[in-house]
Amino acid sequence: GQNIDQPTEMTATEGAIVQINCTYQTSGFNGLFWYQQHAGEAPTFLSYNVLDGLEEKGRFSSFLSRSKGYSYLLLKELQMKDSASYLCAVRDRWGDDKIIFGKGTRLHILP
Amino acid sequence: SQTIHQWPATLVQPVGSPLSLECTVEGTSNPNLYWYRQAAGRGLQLLFYSVGIGQISSEVPQNLSASRPQDRQFILSSKKLLLSDSGFYLCACFGTVTGANSPLHFGNGTRLTVT
Numbered sequence: 001g002q003n004i005d006q007p008t009e010m011t012a013t014e015g016a017i018v019q020i021n022c023t024y025q026t027s028g029f030n031g032l033f034w035y036q037q038h039a040g041e042a043p044t045f046l047s048y049n050v051l052d053g054l055e056e057k058g059r060f061s062s063f064l065s066r067s068k069g070y071s072y073l074l075l076k077e078l079q080m081k082d083s084a085s086y087l088c089a090v091r092d093r094w095g096d097d098k099i100i101f102g103k104g105t106r107l108h109i110l111p
Numbered sequence: 112s113q114t115i116h117q118w119p120a121t122l123v124q125p126v127g128s129p130l131s132l133e134c135t136v137e138g139t140s141n142p143n144l145y146w147y148r149q150a151a152g153r154g155l156q157l158l159f160y161s162v163g164i165g166q167i168s169s170e171v172p173q174n175l176s177a178s179r180p181q182d183r184q185f186i187l188s189s190k191k192l193l194l195s196d197s198g199f200y201l202c203a204c205f206g207t208v209t210g211a212n213s214p215l216h217f218g219n220g221t222r223l224t225v226t
């Protein structure tokens with residue numbers, strides 16, 4: 001079976017750092033995506049990790065540990081516009097490139 | 112870069128009516144195509160995915176169906192809509208651009224309300 005878990009909601013303060021965790025159990029693994037989604041809009045791509053380690057892109061970083069079935073998205077210097085849902089998704093190559101999403105983490109930024 | 116065309120943006124349909132949502136992709140060839148549905152305040156549920164023309168995999172048994180008549184065209188259909196079919200429908204594409212895997216790109220989505 002497949003299971004992707006992430007916290008339902010998180011709250012952080014403007015200017016701070018927040019880490020959103022994602023754990024997964026899938027029959028196959030060929031990469032993990034992070035997306036940002038504002039209410040009423042389509043998701044926008046943030047990162048795609050295939051190998052273990054940390055990848056940094058400006059204020060956002062994503063980490064992957066395949067042996068632990070674990071990833072996190074790190075957001076630094078939080079801005080009010082970062083208030084959104086953050087979606088973790090796993091590419092399961094075992095199943096013909098099926099891509100499954102977690103339920104998303106709604107991030108609230110307080111001034 | 113890839114462009115995904117999805118229409119209409121919003122749709123209101125009565126219960127029992129048929130549905131056809133079309134998605135077309137530009138800027139890539141032989142992509143993997145996906146249909147997701149998102150209920151209000153919920154995550155993305157994978158409905159169908161396709162790795163090639165005429166090849167459709169279904170994730171959730173329901174009254175929806177999908178077809179891929181051309182390489183860059185993916186259609187979601189229903190013969191009779193249910194109230195529970197209301198949601199935000201997103202088409203997505205995962206393909207290769209200049210030999211490298213590109214991210215999963217989404218269309219702008221169709222917000223369907225079944226009344």
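As given, the protein sequences belong to chains A and B, one line each in that order. Residue 1 is where the first sequence starts when you use the numbering used here, and the numbers rise one by one after that. Residue 112 is where the second sequence starts when you use the numbering used here, and the numbers rise one by one after that. Backbone N, C-alpha and C fix where the C-beta goes; we use that ideal spot for every residue, glycine too.
- prompt: Is DSSP giving residue 78 of chain A helix, strand or coil here?
  reply: coil
Contacts around residue 148 of chain B, its chain only, beta-carbon distance under 6 Å, and the 5 residues preceding and following it disregarded: Cβ neighbours of residue 148 of chain B beyond the five flanking positions: 156, 158, 198, 200.
query: Grouping DSSP H, G and I as helix and E and B as strand, with all else coil, what is residue 195 of chain B?
result: helix
query: Using a C-beta cutoff of 9 Å, does residue 24 of chain A count as contacting chain B?
result: no
- request: On the DSSP bridge assignment, give the partners of residue 12 of chain A in chain order.
  value: As a beta-bridge residue in DSSP terms, residue 12 of chain A pairs with A:109.
message: Below 8 Å, how does it come out for the stretch 63 to 79 of chain A and the stretch 1 to 21 of chain A: are there three or more Cβ pairs, yes or no?
response: yes
Residue(s) in a DSSP beta bridge with residue 179 of chain B: Answer is none; residue 179 of chain B lacks a bridge partner.
query: If you measure from the beta carbon of residue 57 of chain A to each beta carbon in chain B, is any gap under 9 Å?
result: no
message: Our contact map puts residue 177 of chain B next to residue 167 of chain B with C-beta atoms below 8 Å; I'd like the distance itself, whole angstroms only.
response: 5 Å
message: Assuming residue 57 of chain A is part of the beta strand (DSSP E), what are its boundary residues?
response: Where residue 57 of chain A is concerned, the enclosing beta strand (DSSP E) starts and stops at 53 to 57.
task: Compare the C-beta of residue 82 of chain A with all C-beta atoms of chain B and state if any pair is closer than 9 Å.
output: no
field: Cβ pair count under 8 Å reaching 3, the stretch 213 to 223 of chain B against the stretch 114 to 126 of chain B
entry: yes
task: Answer yes or no: the CB of residue 170 of chain B versus the heavy atoms of the ligand SAM, is any distance below 8 Å?
output: Of ligands this structure carries none, so the ligand SAM is not represented either.
Cβ contact (3+ pairs, closer than 8 Å) linking the stretch 58 to 74 of chain A and the stretch 124 to 135 of chain B: No: fewer than three Cβ pairs fall under 8 Å.
Under the three-state DSSP convention, the category residue 148 of chain B falls into: DSSP, read as helix, strand or coil, puts residue 148 of chain B in strand.
task: Taking only beta-carbon positions, decide if residue 210 of chain B is within less than 9 Å of chain A.
output: Note that residue 210 of chain B has pLDDT 43, beneath the 50 cutoff, so the model's placement of it is unreliable and the number below is only indicative. Residue 210 of chain B does not count as touching chain A.
- prompt: Does the beta-carbon distance from residue 109 of chain A to residue 160 of chain B come in below 9 Å?
  reply: no
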